[in-house]
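Chains W and A are the protein sequences, given in the same order. First residue of the first sequence? That's 1 in this note's numbering, and the numbers climb one at a time after it. First residue of the second sequence? That's 1001 in this note's numbering, and the numbers climb one at a time after it. Don't be surprised by glycine CBs; every beta carbon is placed ideally from N, CA and C.
Protein chains: 2
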Amino acid sequence: MEFDDKVPIYFQIEQYIDREIIVGNLVPGAQVPAVRQLALTLTVNVNTIQRALTELIREGILVSERGKGNFVTTDTQVLAQMKKRVIQGELAGTYDHLAALGMAPAEMVAALEEYIKERKGGESHD
Amino acid sequence: MEFDDKVPIYFQIEQYIDREIIVGNLVPGAQVPAVRQLALTLTVNVNTIQRALTELIREGILVSERGKGNFVTTDTQVLAQMKKRVIQGELAGTYDHLAALGMAPAEMVAALEEYIKERKGGESHD
DNA sequence: ACCAGTGTAATAGCTAACTAGAACACTAGT
DNA sequence: ACTAGTGTTCTAGTTAGCTATTACACTGGT
Chain W
1 MEFDDKVPIY FQIEQYIDRE IIVGNLVPGA QVPAVRQLAL TLTVNVNTIQ
51 RALTELIREG ILVSERGKGN FVTTDTQVLA QMKKRVIQGE LAGTYDHLAA
101 LGMAPAEMVA ALEEYIKERK GGESHD
Chain A
1001 MEFDDKVPIY FQIEQYIDRE IIVGNLVPGA QVPAVRQLAL TLTVNVNTIQ
1051 RALTELIREG ILVSERGKGN FVTTDTQVLA QMKKRVIQGE LAGTYDHLAA
1101 LGMAPAEMVA ALEEYIKERK GGESHD
């Protein structure tokens, strides 16, 4: 996996797992790959994986069962909140950054639409 | 100034100065505040300021004149490119992150509009 | 010649993030 | 009892980022 060297790996792994859950690759109650397996897959040390998982466990998104594995919580309330937090955070970040560039809200929307249009044109479709 | 403790301070300072230029608080040819002054204002060490400025100088956005100060380049070409890079980067980041959350382009625009609407409602206007 | 204001560079010390490796604790199957 | 597969913890060592401090180099005004 590719990491942004400007932000801590353990944090990017947290976000990665959040996304896997949101997208549905990891459903509520599902077992997360073993820490040693994740370490191999993401080419990162077990301790770094553990640090990310510990944080997700602390947040209640994952549940740890010693000797068995780590599992996605079945508390859909918590998962729904997480999803909202992630998406809101993304939009808020964009909004703040663009506002700091002197852009008005309407311009932001226009800029995003423009970006999407250009991107569609310049890419091969699936 | 407030920094995100997840990303290097020197990098955030680079972005800060980029924004000051884009917004027009720093015009082409203008002198950037002295490094020791910036260090005080942003409450960071001079070396950290210097690291950020060195990078901006390397990119041609600032021009250093020893004994006199650091100045915004008068090469509007370079500044225009920088502005485009910053904005495109912001949009691209948002796009990629939301796409990784399983969102289609049209949904992204809708989500942003919705976010702006909610934000306007919940805030006091200036 | 001096001095105040500027950028630049170098040293030393601290902490957070990451790695490597080993050990420990628990579960389930044989 | 053993073993394989899990999570958990600990120690040691490396590196990047940041701070503090000092020194050096240049400019412009007096």
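Local Cβ density within 10 Å of residue i, reported as buried at 16 or more and exposed below that
{"i": "N1070 of chain A", "result": "buried"}
{"i": "M1 of chain W", "result": "exposed"}
{"i": "D1004 of chain A", "result": "exposed"}
{"i": "Q1031 of chain A", "result": "exposed"}
{"i": "N1014 of chain A", "result": "Before going further, note that residue 1014 of chain A is Glu rather than Asn in the sequence given. Under this definition E1014 of chain A is a buried residue."}
{"i": "V27 of chain W", "result": "exposed"}
{"i": "L40 of chain W", "result": "exposed"}
{"i": "Q12 of chain W", "result": "buried"}
{"i": "A1052 of chain A", "result": "buried"}
{"i": "D18 of chain W", "result": "buried"}
{"i": "V72 of chain W", "result": "buried"}
{"i": "V23 of chain W", "result": "exposed"}
Residue i - DSSP class collapsed to helix/strand/coil
{"i": "V1007 of chain A", "result": "coil"}
{"i": "H1122 of chain A", "result": "Looking at the sequence provided, one finds Gly at residue 1122 of chain A rather than His. Of the three classes helix, strand and coil, the one that applies to G1122 of chain A here is helix, per DSSP."}
{"i": "A34 of chain W", "result": "coil"}
{"i": "E2 of chain W", "result": "coil"}
Residue-chain proximity (residue i, chain A), Cβ-Cβ < 8 angstroms
{"i": "F3 of chain W", "result": "no"}
{"i": "L91 of chain W", "result": "yes"}
{"i": "V32 of chain W", "result": "no"}
{"i": "G121 of chain W", "result": "no"}
{"i": "P28 of chain W", "result": "no"}
{"i": "I57 of chain W", "result": "no"}
{"i": "M108 of chain W", "result": "yes"}
{"i": "V86 of chain W", "result": "yes"}
{"i": "G67 of chain W", "result": "no"}
{"i": "G102 of chain W", "result": "yes"}
CB contact below 8 angstroms: residue i versus chain W
{"i": "E1113 of chain A", "result": "yes"}
{"i": "A1008 of chain A", "result": "Sequence check: residue 1008 of chain A is Pro here, not Ala. Yes - at least one Cβ of chain W is within 8 angstroms of the one on P1008 of chain A."}
{"i": "F1071 of chain A", "result": "no"}
{"i": "R1019 of chain A", "result": "yes"}
{"i": "A1099 of chain A", "result": "no"}
{"i": "V1023 of chain A", "result": "yes"}
{"i": "I1116 of chain A", "result": "yes"}
{"i": "I1013 of chain A", "result": "no"}
{"i": "T1094 of chain A", "result": "yes"}
Strand pairing of residue i, partner residues [DSSP]
{"i": "G29 of chain W", "result": "DSSP, once it has assigned bridges, lists no residue as partnering G29 of chain W."}
{"i": "V44 of chain W", "result": "Beta-bridge pairing links V44 of chain W to no other residue."}
{"i": "V63 of chain W", "result": "W:F71"}
Can you list, in chain order, the stretches of the alpha helix (DSSP H) that have 4 or more residues and sit fully within the segment 72 to 117 of chain W?
76 to 100
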